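**Student:**
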Amino acid sequence: MPEGHTIHRLAAEHLRMFGGRALRAESPQGRFAEGARRLDGRVLTEAEAHGKHLLLRFEDEWLVHIHLGLYGTYTFGPVPAPEPRGLVRLRLTGVSEFADLRGPAACELLEPGEVKVLLDRLGADPLRADADPERAWRRIGRSRTSIAALLMDQSVVAGPGNVYRAEVLFRQGVDPGLPGRALTREQWSAIWADLVGLMRVGVATGRIDTVRPEHTPEAMGRPPRVDDHGGEVYVYRRAGLPCLVCGTEVRTERLVGRNLFWCPACQPAAR
DNA sequence: CCAAAATGGACAG
DNA sequence: TGTCCCTTTTGGT
Numbered sequence: 001m002p003e004g005h006t007i008h009r010l011a012a013e014h015l016r017m018f019g020g021r022a023l024r025a026e027s028p029q030g031r032f033a034e035g036a037r038r039l040d041g042r043v044l045t046e047a048e049a050h051g052k053h054l055l056l057r058f059e060d061e062w063l064v065h066i067h068l069g070l071y072g073t074y075t076f077g078p079v080p081a082p083e084p085r086g087l088v089r090l091r092l093t094g095v096s097e098f099a100d101l102r103g104p105a106a107c108e109l110l111e112p113g114e115v116k117v118l119l120d121r122l123g124a125d126p127l128r129a130d131a132d133p134e135r136a137w138r139r140i141g142r143s144r145t146s147i148a149a150l151l152m153d154q155s156v157v158a159g160p161g162n163v164y165r166a167e168v169l170f171r172q173g174v175d176p177g178l179p180g181r182a183l184t185r186e187q188w189s190a191i192w193a194d195l196v197g198l199m200r201v202g203v204a205t206g207r208i209d210t211v212r213p214e215h216t217p218e219a220m221g222r223p224p225r226v227d228d229h230g231g232e233v234y235v236y237r238r239a240g241l242p243c244l245v246c247g248t249e250v251r252t253e254r255l256v257g258r259n260l261f262w263c264p265a266c267q268p269a270a271r
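This is how it looks when you write it as structure tokens:
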């Protein structure tokens, strides 16, 4: 379930498990065999997330870039690690724990120049202290593209994915189809602040929970719902179900290749 | 057994 | 805008 909060958790987890000590690295699947050989026996010095990208730095300037994409997952466990099951692209083994990476869109060694190119094209990450939401606003405030599409553009905002996109627009009562330049400055500030808050909760809990206390199933007298993204949400993947706030049917539509969800009553189109 | 879907993004045109 | 690539899980035959 990789949106940005997952990647920030993974970075912290890597440091906790492996930081400062020599690691074993291998690629049981074989597709990162060369890279794993370079890393094997080296010390992990740094792990950080930029949006949905995970960067692991090792001694001697070696840097691994990992992007989970849609399917990538990590599993962790205590040593001794069992025989790899499934297609394990990269296994790191430390003193007491191991990490298996399966199905990433990217797992590669990068040169410093390539890292810079990568970071330069990423927009503001709500989970990073060095994020620049002003720069994002300069793009959004001039764009004819819908705010729903802009929020998924990683060169504008880096980290939120389809779930946070849908949920923050719902919470702020913003029509997904609203062009970026039709947003007010205040609306953008509220969206940004909400993303920061929601995603910090996500890092702390490992789930995406966006429902305010007054709208929880308990408070509304409904049965609790837990979908496989792990948390309680207002509209994501709730097409055809009643809006948790007003009861209107949640709608869905394909937008730039992704499923968008919203409540037409709580997020009315401007007229 | 097979098909479809999934929280992403690169690339072609 | 569409196509393709990562892999696992789920549901239907």
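Take the first sequence: its letter number 143 is residue 143 in the numbering used here, and every next letter is one higher.
Cβ coordinates follow ideal geometry from the N, Cα and C atoms, glycine included.
In this text the structure is predicted, and so the values were computed from the model without any measurement.
#1: Do L10 and L92 come within 8 Å of each other at the CB atom, strictly closer than that value?
#2: Provide the residue span of the beta strand (DSSP E) that contains G77, from first to last.
#3: Evaluate the contact criterion for the stretch 77–84 versus the stretch 55–69: three or more CB pairs, one atom per stretch, below 8 Å.
#4: What does the alpha-carbon distance come out to for the pair G94 and G231?
#5: Using the Cβ count rule (16 or more neighbours within 10 Å means buried), how would you classify V117?
#6: Pick out the complete alpha helix (DSSP H) segments inside the stretch 67–128, 4 residues or longer, and give them in chain order.
#7: DSSP has V43 in a bridge; who is on the other side?
#8: Contact between the stretch 174–188 and the stretch 124–132: three or more CB pairs below 8 Å?
#9: Determine, using beta carbons only, whether L44 and A148 come nearer to each other than 8 Å.
#10: Just list the residues that DSSP pairs N259 with in beta bridges.
#11: In this structure, what does DSSP give as the bridge partners for F298?
#12: Got a sec, what are the start and stop residues for the alpha helix (DSSP H) S189 sits in?
#13: If you run the structure through DSSP and keep just helix, strand and coil, what is E3?
#14: Any contact between the stretch 67–75 and the stretch 19–38? By contact I mean 3 or more CB pairs, one from each, below 8 Å.
#15: Quick one: grab the DSSP three-state call for P28.
#16: Helix, strand or coil for L15? Go by DSSP, reduced to three states.
#17: Which value, in whole angstroms, describes the spacing of the CA atoms of G160 and E3?
#18: Rounded C-beta distance between P176 and L260? I'm assuming under 8 Å.
#19: Kindly indicate which residue of M199, E97, E46 and L15 has the alpha-carbon position closest to the one of E167.
#20: Comparing C-alpha positions only, which one of A47, E114, R31 and D40 sits nearest to M17?
#21: Comparing C-alpha positions only, which one of R207, G257 and Y234 sits nearest to M220?
**Tutor:** In this structure, then:
#1: no
#2: T73 to P78
#3: no
#4: 31 Å
#5: exposed
#6: 112–120
#7: A22
#8: no
#9: no
#10: R254
#11: Outside the displayed range of the chain (1 to 271) lies residue 298, so it cannot be described from this structure.
#12: R185 to T205
#13: coil
#14: no
#15: coil
#16: helix
#17: At residue 160 the sequence reads Pro, which differs from the Gly that was named. Between P160 and E3, the C-alpha separation is close to 6 Å.
#18: 6 Å
#19: M199
#20: A47
#21: Y234
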